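First up is the structure itself, then whatever we jot down about it.
Protein chains: 2
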Amino acid sequence: MPALAPSPKAYVPFVSVENMMQLIHRIGIETMLLEMTDAIEDDFRRWNAFDKTPRVASHSTDGVIELMPTSDGATYGFKYVNGHPKNTRDGLQTVTAFGLLADVATGYPVLITEMTLLTALRTAAASAMAARHLAPKNPSTLALIGNGAQAEFQVLAMKAVLGVTHVRLFDIDPLATSKTLKNLSDSGLHVIACSSAQSAVEGAQIITTCTADKQYATILTDNMVGAGVHINAIGGDCPGKTELHGDILLRADTFVEFEPQTRIEGEIQQMAADYPVTELWRVLDGKAQGRRDERQITLFDSVGFAVEDFSALRYVRAKLQDTGLFHNLDMIADPDDPRDLFGMYLRAK
Amino acid sequence: MPALAPSPKAYVPFVSVENMMQLIHRIGIETMLLEMTDAIEDDFRRWNAFDKTPRVASHSTDGVIELMPTSDGATYGFKYVNGHPKNTRDGLQTVTAFGLLADVATGYPVLITEMTLLTALRTAAASAMAARHLAPKNPSTLALIGNGAQAEFQVLAMKAVLGVTHVRLFDIDPLATSKTLKNLSDSGLHVIACSSAQSAVEGAQIITTCTADKQYATILTDNMVGAGVHINAIGGDCPGKTELHGDILLRADTFVEFEPQTRIEGEIQQMAADYPVTELWRVLDGKAQGRRDERQITLFDSVGFAVEDFSALRYVRAKLQDTGLFHNLDMIADPDDPRDLFGMYLRAK
């Protein structure tokens, strides 16, 4: 006897890599980055509504596999993400990810999606959100050090959200920089390749460090950072991995996502335990001051936090309704009589 | 320009509910239960090879959503599982699940599968594995108290692995019992419905309690348990939820999966912190004694552990190669140049 069609509750909408790319094209990447920045900011403003479970990491010689769950009491979300710096040498992604949303009331999943692209978008959106509150007013120039898989997303978020017009690129591998230059050729931005990190930061109001490899641990030294700059450090994101010289942190005011996690994973792991930081949500919520004056150096010590993924997942779910850019996965066994799981199997013969 | 086909590494084999049901029919459910029992036992014998991260639970008023990860250093696995006792009243499953395997060396997922059916199978297999070492020799009769979604799987595992021939059913809801009777009508077993738990346990060498609702907290009282019996308690599996009267535990020798987890979630949460238990893997590995004599009461205080899911996932992955019972999910963004994630998106327009 053929199996009966599963009930609608058995289906979980799945967004493939192909459909995610189409969704970004459909919405427009700059619109999507801007809307996602707003979505993350909305969730950061209701920070205390979230169950902030620490991420669960499984470390190995070659990398780490992490599960990042959170919940706002109505919706539960988590991301599976790996970090394997050596992967690039084998033609693989350093970071791949997928994510899920579920209904807290029933525990049933309601969305599963690729999240490698979505993580690049949400990381860029989180950077732009921080810069919107911490960078000098009307910034024109971004220095981007590290021109890997995240580079163009970071650039376009700073354009879409802050109106940046000029970009100065540097990477220890010139091929990474030329790849980024080429990909941004139709972006309407003035983009140039620089021969050193020192050259790249000249005249920039925002400096973003975005490198993956553990072995280049001091991307920025103290003398490279002038007064009034905003630094967005997104590459130092696990224990033993940092990008900035500690002296920079002594001159900067540092903002973080979730202090207990950043103390372990962020740039501040090189500082004393009482090194002062401000959680970014407090700035967004008016509880703490962001940029104070035009000579202040601000640092967003970004490691990536589950709430950002949650916001991105909910954003994608909301956009899916109209586009049909998903498949229904028959992932949840849902017999007519919930106690008759075995009968459902028997009748599927 | 149409998108290029993703590389093979971008594809993750996905086993739907329908394909899982076909896989069970293809292998034969009793063969599958027996082979899965052996697979779990093989993994329990190499217990110290596993990274035994505690499960990560997100509790709400109506239930819990859990992530259960583990790794043996070569393969990583996790299960997403919810537990919502009220779901049954709304026509939903109390427990739904899906699972994933990934390659530790790269972090790339290699299998994603429905796991509601697979959890029922692995839970039954784990029960049979424990009973194989703890129950009296050549048991003929199983008493099964609680005849919900797990019932038939438990029965068939005890038949396949231990050769049980007679089954005595009881549930506070007679409809659950008649559902189970009907589903087992072609099983070759002598199955009867009993009017009480007390009646069900008469003459049974193995008593399995398998109830879901938090409000019926004492399924077995002390006077119902005779000498020489093996008890398999699988329904008490979260804080505040137990099935056995504490006096039974005072007479029994208790075996557990992973002591730190069972102290919080199992029957032994009602006992003092120094109540003695034996981790089951030590019995399988010859480090501790299982059943000692024919009058001993043995108790497997089962709460479900990530290693059991890992074994089940690896078993399914091995069986998939020949059957083709999976779909390839385009879940991992895998551009030709791993640093050119953005270029992959651009070219997909």
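Keeping their order, the protein sequence lines are chains A and B.
Just so you know, we're using the working numbering here: the first sequence kicks off at 24 and counts up by one.
Just so you know, we're using the working numbering here: the second sequence kicks off at 24 and counts up by one.
Note that beta-carbon positions come from the ideal geometry of N, C-alpha and C, so glycine has one too.
None of the values given here were measured: they were computed from a predicted structure.
- DSSP places B:Tyr368 in the uninterrupted alpha helix (DSSP H) bounded by 364–370.
- Taken in chain order, the whole beta strand (DSSP E) runs of length 3 or more contained in the region 73–131 of chain A are 79–82, 87–94, 98–106, 120–126.
- Of all residues in the region 122–141 of chain B, only Leu123, Ala125, Val127, Ala128, Thr129, Gly130, Tyr131, Pro132, Glu137, Thr139, Leu140 place a beta-carbon less than 8 Å from a beta-carbon of chain A.
- A direct Cα-to-Cα measurement between B:Ala158 and B:Arg145 gives close to 19 Å.
- Of all alpha-carbon atoms in B:Leu369, B:Ala223, B:Gly114, B:Met91, the one lying nearest the alpha-carbon of B:Phe121 is that of B:Met91.
- With fewer than 16 neighbouring CB atoms inside 10 Å of its own CB, B:Ser219 falls in the exposed class.
- Looking from the CA of A:Ala151, the closest CA among A:His253, A:Pro283, A:Arg315 belongs to A:His253.
- Residues of chain B with a Cβ closer than 9 Å to the Cβ of A:Glu53 do not exist; the shortest Cβ-Cβ separation is about 13 Å.
- The beta carbon of B:Pro361 sits closer than 7 Å to some beta carbon of chain A.
- Look at B:Tyr298 here: in three-state DSSP terms it is coil, with no helix or strand label.
- Distances from the alpha-carbon of A:Thr277 to those of A:Thr60, A:Gln173, A:Ile291 put A:Ile291 closest.
- A Cβ-Cβ distance of about 13 Å is found for the pair A:Ala154 and A:Ile63, leaving them out of contact under the 8 Å criterion.
- One Cα belongs to B:Leu56, the other to B:Leu179, and the distance between them is close to 8 Å.
- At least 7 Å separates the CB of B:Asn351 from every CB of chain A.
- Between A:Gly327 and chain B, the shortest Cβ-Cβ separation is not below 7 Å.
- A Cβ-Cβ distance of about 18 Å is found for the pair B:Gln177 and B:Thr119, leaving them out of contact under the 8 Å criterion.
- The alpha-carbon separation between B:His189 and A:Met44 amounts to approximately 57 Å.
- In the three-state DSSP reduction, B:Ala329 falls in the helix class (H, G or I).
- For the options A:Asn105, A:Thr346, A:Asp270, A:Lys264, the alpha carbon positioned closest to that of B:Ala356 is the one of A:Asn105.
- In its chain, beyond the 5 residues on either side, Thr241, Thr244, Asp245 have a beta carbon closer than 6 Å to the beta carbon of A:His268.
- Residues Val35, Phe37 of the same chain have their beta carbon placed closer than 6 Å to that of A:Leu352, with the five preceding and five following residues left out of the count.
- Rounded to the nearest whole angstrom, the C-alpha separation of B:Leu303 and B:Ser210 is 29 Å.
- Proximity of B:His107 to chain A, defined by a Cβ-Cβ separation below 7 Å, is satisfied.
- The Cβ-Cβ distance between B:Asp74 and B:Thr93 falls below 7 Å.
- The DSSP-derived three-state label of A:Leu56 is helix.
- Look at the beta carbons and you see the region 97–111 of chain A touching the region 331–338 of chain A: at least three pairs across the two are nearer than 8 Å.
- Residues of chain B whose Cβ lies closer than 8 Å to the Cβ of A:Thr111 are, in chain order, Pro361, Arg362.
- A:Thr84 and B:Ala97 have their C-alpha atoms roughly 11 Å apart.
- If you draw a straight line from the Cα of B:Leu185 to the Cα of B:Ile52, it is about 15 Å long.
- When DSSP states are grouped into helix, strand and coil, A:Ala227 belongs to the coil group.
- Straight through space, the alpha carbons of A:Pro31 and A:Leu364 are spaced by roughly 16 Å.
- With a threshold of 16 other beta carbon atoms within 10 Å, B:Pro358 meets it and is buried.
- Minimum Cα-Cα distance from A:Asp95 among the listed residues A:Leu124, A:Val87, A:Lys109, A:Gln116 corresponds to A:Leu124.
- Short of 7 Å from the beta carbon of A:Thr76, and not among the five residues preceding or following it, lie these beta carbons of its own chain, in chain order: Pro92, Thr93.
- Beyond the five residues adjoining it in sequence on each side, B:Arg314 comes within less than 8 Å, by CB distance, of His156, Leu157, Ala158, Pro159, His253, Thr321 in the same chain, given in chain order.
- DSSP links A:Asp353 through a beta bridge to A:Tyr34.
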